[in-house]
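Q: Residue numbering for the sequence shown follows this note's numbering, starting at 59 and increasing by one per position. Each residue gets a CB set at the ideal place from its N, CA and C atoms; glycine is no exception.
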Amino acid sequence: MSDLEPQLYQDLLEGYEAPMRLVGYNATRARLLLDQHPPVEAARRLLEGEDWTTGLTRLWEHRLLRYSAEYIVLYPRYEALFTESERSTARRRLADLGQEPPNE
């Protein structure tokens, strides 16, 4: 496990918990993946497929894309954990929804 993975886990967990607190949105799939897989694998599974997920759409509806896996994997500190293809998918999905990537 990379030294970054505990922080990634915390960021992904906050990405699940904050929408629940703020708007009552329960991202069941994201939580299940986080419980069953290491954080990098959980994020990769959330990025799978060509289209964005229902969860990403719900976060967009509530203006909470900053809590999405797509947003989190684009933090510069996690660049080494994800391929350029995975990061490109995340960037494209956010751009399609009008969200700038993080510039941490």
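Three Cβ pairs or more, each shorter than 8 Å: is that satisfied between the stretch 65-85 and the stretch 125-142?
A: Output reads yes: the stretch 125-142 touches the stretch 65-85.
Q: Among the candidates Ala153, Asp61, Asn161, whose CA atom is the shortest distance from the CA of Asp114?
A: The sequence given here has Leu at residue 114, not Asp. The option with the nearest alpha carbon to Leu114 is Ala153.
Q: Under a Cβ-count criterion, where at least 16 other Cβ atoms within 10 Å of its own Cβ denotes burial, should Gln157 be classed as buried or exposed?
A: Buried is the call here.
Q: Grouping DSSP H, G and I as helix and E and B as strand, with all else coil, what is Tyr74?
A: If DSSP states are grouped into helix, strand and coil, Tyr74 belongs with the helices.
Q: Do you know whose CA, among Arg116, Arg124, Pro96, lies nearest Gly82's CA?
A: That would be Arg116, whose Cα lies nearest to the Cα of Gly82.
Q: What runs of the alpha helix (DSSP H), each 4 residues or longer, lie entirely inside the stretch 74-138?
A: Taking only runs of at least 4 residues, the alpha helix (DSSP H) segments lying wholly in the stretch 74-138 are 86-94, 97-105, 112-119, 127-131.
Q: Could you name the residues of the same chain whose beta carbon sits closer than 7 Å to that of Pro160, not counting the 5 residues immediately before and after it, in chain order?
A: The answer, listed in chain order, is Tyr129, Leu132, Tyr133.
Q: Determine the extent of the alpha helix (DSSP H) in which Leu152 is found, giving its start and end residues.
A: Unbroken alpha helix (DSSP H) run through Leu152: 142-154.
Q: Compute the Euclidean distance between the alpha carbons of Asp93 and Glu99, then round it to the nearest angstrom.
A: So the two alpha carbons sit approximately 11 Å from each other.
Q: On a CA-only basis, which of Glu106, Thr111, Pro96, Leu123 is nearest Leu62? Give me that one, please.
A: Selected option, being the one with the closest Cα: Pro96.
Q: How would you label Gly73, buried or exposed, when you count the other beta carbons within 10 angstroms and need 16 or more for buried?
A: Flag for Gly73 reads buried.
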